[in-house]
Amino acid sequence: MTTDQYNQLVDKHADGLYRFVLKTCNNSDKAKDIVQDSFERLWQNVSNIDAEKAKSYLFTTAYHIFVDTHRKDSKQERLNTSRIAEPMHNSQYSDLQEVLHRALNQLPEIQRSVVLLRDYEGYSYDEISEITGLSESQVKVYIFRARVALKEIIGSPAAVLE
Amino acid sequence: MKITTANYEEYALDYMAGELQGEAYTDFCRFLNENPQIKNQLENLNEVVLEPSISSEFNTETLKKKLPAEGEALSLACFDYLENNFTRTERINFEKKILVFPVAKAELAALASTVLEPDLHLIFPYKQKLKRFAFPLFFGYAARTVLGVAAATIIYFGIRTAIETQNFASDLNQSVAINDSMLIPQLNNSNKKIELPYSKEQIQKIKSQRSSNKANLNQNASRKNTSTGIKLAANTQVTEQPTMQELLLNPLNAGQLLTKNALSTEKINIQTLAMVFPKNTVEESSEYKSITNVLIEKFKRNVLKIDQKTPINAMVLAESGINGIGKMTNSFFQLKTQKNSDGKPTYWAFEAGKFSIERQIKKNISE
Chain G
1 MTTDQYNQLV DKHADGLYRF VLKTCNNSDK AKDIVQDSFE RLWQNVSNID
51 AEKAKSYLFT TAYHIFVDTH RKDSKQERLN TSRIAEPMHN SQYSDLQEVL
101 HRALNQLPEI QRSVVLLRDY EGYSYDEISE ITGLSESQVK VYIFRARVAL
151 KEIIGSPAAV LE
Chain R
163 MKITTANYEE YALDYMAGEL QGEAYTDFCR FLNENPQIKN QLENLNEVVL
213 EPSISSEFNT ETLKKKLPAE GEALSLACFD YLENNFTRTE RINFEKKILV
263 FPVAKAELAA LASTVLEPDL HLIFPYKQKL KRFAFPLFFG YAARTVLGVA
313 AATIIYFGIR TAIETQNFAS DLNQSVAIND SMLIPQLNNS NKKIELPYSK
363 EQIQKIKSQR SSNKANLNQN ASRKNTSTGI KLAANTQVTE QPTMQELLLN
413 PLNAGQLLTK NALSTEKINI QTLAMVFPKN TVEESSEYKS ITNVLIEKFK
463 RNVLKIDQKT PINAMVLAES GINGIGKMTN SFFQLKTQKN SDGKPTYWAF
513 EAGKFSIERQ IKKNISE
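Chains as they are written, first to last, in this note's numbering: chain G, 1 to 162; chain R, 163 to 529.
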């Protein structure tokens with residue numbers, strides 16, 4: 001992969017990667033760090049990675065960095081009584097999407113990650129299993145559970161009123 | 163059958179469970195009547211029978227596999243339909259047989275509404291910082307590497323040519339003469355006339371005086387506050403040599419450095435000033451070779467980073483220069499030399515990633 005190809009990847013995937021990481025970890029500073037780390041690792045291996053596989057490499061790296069940092073921070077998070085999600089005031093979202101994204105925070109992290117990869121990036125089960133290290137059937141089960149959970153959450157009046 | 167204290171335990175549990183019958187039961191009852199303490203013990207044993215706690219029972223329901231409930235099966239079918247997990251035939255069947263029911267349509271719509279849409283206005287703010295500058299390529303090499311190699315080559319041949327054509331040794335040994343215009347501004351307060359340069363005889367006299375002063379320095383160390391002590395202190399100050407760099411760049415400043423302390427004292431030893439800047443003759447210049455040596459030592463240690471015993475030659479300078487440029491430009495090229503026991507280079511090798519060249523040094527490189 002050449003430097004030009006690398007720079008094209010930055011233009012093409014930095015935003016998508018940032019959205020995925022931000023929605024997964026709910027912390028914009030941490031998300032920025034993870035995106036920068038992911039691209040830094042891509043650059044370090046720029047001569048060994050094909051441009052075609054770079055996107056998958058970026059998402060895999062970002063996911064693993066997130067998991068690692070999340071483990072390190074888990075002690076700190078346990079001290080917090082509840083997750084404090086960053087406020088999402090975005091007029092571009094429809095009401096349903098706003099509720100849906102709030103509901104996303106109530107899902108377990110693994111379910112959140114796989115459903116984001118599926119919906120945001122359109123990855124197949126096979127690709128998601130490569131990124132997350134899960135089996136294809138596990139990926140399917142997690143996505144199904146996530147959808148059912150989201151359906152129930154957005155179907156409840158409390159979620160709408162929240 | 164005779165039941166005694168030695169064998170009564172065999173019958174005790176059967177007795178307590180009500181399973182002891184016939185002659186054995188009669189004998190055991192008689193034994194208990196004869197031994198009331200054992201009878202008492204057996205009655206208490208009834209209280210320690212463990213009974214299973216209902217609350218601590220393991221919920222085996224959690225282990226059982228359930229058939230998918232009707233609603234869950236419908237959700238799963240709708241999910242597979244939405245996720246394109248069906249074959250073409252399965253899709254058609256689903257649409258014909260399941261989707262005709264309103265409840266299935268509602269379930270499908272509910273699940274379809276859970277598809278997340280990315281917020282396209284959410285963008286990564288530091289995208290430009292992630293980008294890398296692309297160096298133009300020359301024959302497959304990055305311009306950075308090519309420029310580094312070119313600069314290193316120019317430095318190598320430049321230094322080599324310069325060393326071969328010029329005699330640096332004579333320059334380094336050259337002393338800098340001082341004249342009246344340099345010293346007079348510093349000596350306005352002294353009210354003494356200075357005549358420089360001194361004659362050879364005068365300098366010889368000054369030298370002997372300084373030697374004498376040095377010899378007496380330790381003896382008079384305790385008399386620092388006396389006039390003699392001040393004079394000796396002044397003499398001590400001027401023995402500090404200016405660096406060659408100071409002398410070459412600005413002789414006046416070098417002289418100020420040396421005389422600053424001496425001039426601030428009440429009695430100024432002009433003779434010692436003259437000793438710092440003697441007339442440039444072969445005889446006198448030999449006294450100041452130490453300055454050269456100090457400079458060379460510092461240059462070897464701080465710039466070339468070589469052992470003090472290793473002589474400075476074109477190869478050593480080129481090695482240091484090329485490797486320094488390699489580090490500065492972050493390029494993968496370096497010059498390595500192999501030296502013999504005398505410290506003189508016998509082989510050199512230049513490496514620049516895919517390109518490398520090595521040669522034996524046949525010609526003796528001058529120092």
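Beta carbons: idealized from backbone N, C-alpha and C, even for Gly.
Predicted, not measured: the structure shown is a model, and the values here were computed from it.
What in chain B is Cβ-close to residue i, meaning under 8 Å?
i      : result
F286/R : Although the question refers to chain B, the structure presented lacks it and instead comprises the protein chains G and R.
How would you list, in chain order, the residues of chain G whose beta-carbon sits under 8 Å from the beta-carbon of residue i?
i      : result
A272/R : K151, G155
R294/R : T3, Y6, N7, W43
K289/R : V10, D11, A14, D15
Kindly identify the DSSP beta-bridge partner or partners of residue i.
i      : result
W510/R : T499/R, R521/R
Taking 8 Å as the threshold (C-beta atoms), are residue j and residue i in contact?
i      : j      : result
T24/G  : R118/G : no
F241/R : F248/R : no
E130/G : T60/G  : yes
Y57/G  : L42/G  : yes
I260/R : A268/R : no
L530/R : E520/R : A query on residue 530/R cannot be resolved here, the shown segment of chain R reaching from 163 to 529 and no further.
I317/R : G483/R : yes
Y173/R : A186/R : yes
F20/G  : Y120/G : yes
V99/G  : I143/G : no
I474/R : K462/R : yes
R294/R : T132/G : no
L194/R : M178/R : no
Y6/G   : V46/G  : yes
If the cut is a Cβ gap below 7 Å, which residues of chain R does residue i touch?
i      : result
R147/G : F241, L273, T276
Y120/G : L278, P280
I58/G  : Reading the sequence as shown, one finds Leu at residue 58/G and not Ile. Per Cβ cutoff of 7 Å: no residues; L58/G is ~11 Å from chain R at best.
So with CB distances below 9 Å, who are the chain R contacts of residue i?
i      : result
Q97/G  : L278, E279, D281
L100/G : S275, T276, V277, L278, E279
L104/G : L278
Could you have a look at residue i and say whether DSSP puts it in helix, strand or coil?
i      : result
Y57/G  : helix
Q97/G  : helix
S352/R : Here S352/R scores only 46 on pLDDT, less than 50, and its place in the model should not be relied on; the value that follows carries that caveat. S352/R falls in the coil class under three-state DSSP.
K489/R : helix
G483/R : helix
P473/R : coil
L278/R : coil
R83/G  : At R83/G, the pLDDT of 49 sits below 50, so the modelled position is not reliable and the matter cannot be decided from this model.
L110/R : Outside the displayed range of chain R (163 to 529) lies residue 110/R, so it cannot be described from this structure.
F295/R : coil
N341/R : For N341/R, the predicted structure reports a pLDDT of 46, less than 50, and the residue's modelled location is therefore unreliable. A value from the coordinates is still provided. DSSP places N341/R in coil when its eight states are reduced to three.
I468/R : coil
K289/R : helix
V114/G : helix
A62/G  : helix
L194/R : helix
D50/G  : coil
H283/R : coil
A14/G  : helix
M1/G   : coil
I165/G : Summary: the structure shown does not reach residue 165/G, with chain G confined to residues 1 through 162, and so no result is reported for it.
Q203/R : helix
G122/G : coil
T166/R : coil
D504/R : coil
G320/R : helix
L244/R : helix
N45/G  : coil
F263/R : coil
Who are the neighbours of residue i on chain G, taking C-beta pairs under 7 Å?
i      : result
L238/R : F144
Kindly list, in the order they appear in chain R, the residues whose Cβ is closer than 8 Å to that of residue i.
i      : result
V114/G : Correct list: empty, because the minimum Cβ distance to chain R is about 11 Å.
F39/G  : L292
L22/G  : L284
Give the C-beta separation of residue i and residue j to the nearest angstrom, bearing in mind that I take them to be a contact with Cβ-Cβ under 8 Å.
i      : j      : result
T276/R : R147/G : 5 Å
V311/R : F495/R : 6 Å
A14/G  : L282/R : At roughly 13 Å, the Cβ-Cβ gap does not stay under 8 Å, so A14/G and L282/R are not in contact.
A51/G  : L17/G  : So it is not a contact: roughly 15 Å between Cβ atoms.
I468/R : V478/R : 6 Å
D37/G  : I65/G  : 5 Å
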